[in-house]
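Please read the structure below before turning to the comments.
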Amino acid sequence: MDDENTSTYKKIYLMVRQIPRGKVATYGQIASLVGGCSARMVGYAMAGISDATIPWQRVINARGRISIRDPNGYSLQKAILEREGVVFDESDTIDLEVFGWQP
DNA sequence: ATGTTGACCGACT
DNA sequence: GAGTCGGCCAACA
Numbered sequence: 239m240d241d242e243n244t245s246t247y248k249k250i251y252l253m254v255r256q257i258p259r260g261k262v263a264t265y266g267q268i269a270s271l272v273g274g275c276s277a278r279m280v281g282y283a284m285a286g287i288s289d290a291t292i293p294w295q296r297v298i299n300a301r302g303r304i305s306i307r308d309p310n311g312y313s314l315q316k317a318i319l320e321r322e323g324v325v326f327d328e329s330d331t332i333d334l335e336v337f338g339w340q341p
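In this text, residue positions in the first sequence follow our numbering: the first is 239, and each later residue adds one.
Structure below.
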């Protein structure tokens with residue numbers, strides 16, 4: 239009971255690392271896959287990240303939009319995703335039918 | 001302990 | 001489509 243006992247935060251980070259380049263996942267999706275945590279907790283986990291190995295930018299909200307309130311972080315995330323091949327429409331929205339990650 | 005806030009979500013008006 | 005509300009649960013004052 240150790241690797242199975244990874245804390246919820248750790249599970250969230252590991253799950254986010256599984257998102258392939260050019261794809262995105264929603265907070266609720268991550269929460270559902272991890273289990274035992276809510277979408278809000280995933281958002282909290284992302285906010286406190288300080289690890290470059292975690293592709294936090296590939297996690298967005300259920301509407302396919304960036305949820306960061308800070309305009310600086312917003313444009314940063316958008317820039318990274320576009321660099322990875324993710325396309326935003328006129329409304330800064332990502333088409334989850336196309337770029338949504340399906341494990 | 002209590003109240004507020006938050007990188008959320010879904011339902012309702 | 002925009003605004004409001006309740007539910008969710010952790011962090012913070």
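In this text, a Cβ means the ideal position worked out from N, Cα and C, and glycines have one as well.
- With respect to Lys261, Phe337 sits close: the two C-beta atoms are nearer than 7 Å.
- Taking Ala283 as reference, the option from Gly311, Lys316, Lys249 with the minimal CA-CA separation is Lys249.
- The three-state secondary structure of Thr291, taken from DSSP, is coil.
- Its Cα nearest to that of Ala300, the residue Val280 stands out among Val280, Asp289, Asn310, Ile318.
- DSSP places Gly323 in the coil class of the three-state scheme, outside both helix and strand.
- A direct Cα-to-Cα measurement between Tyr251 and Glu328 gives close to 31 Å.
- With 16 or more neighbouring CB atoms inside 10 Å of its own CB, Gln295 falls in the buried class.
- Across the structure, Arg255 and Ile292 are spaced so that their CA atoms are roughly 6 Å apart.
- Just so you know, the alpha carbons of Asn310 and Thr244 end up roughly 32 Å apart.
- In the three-state reduction of the DSSP assignment, Thr246 falls in the helix class.
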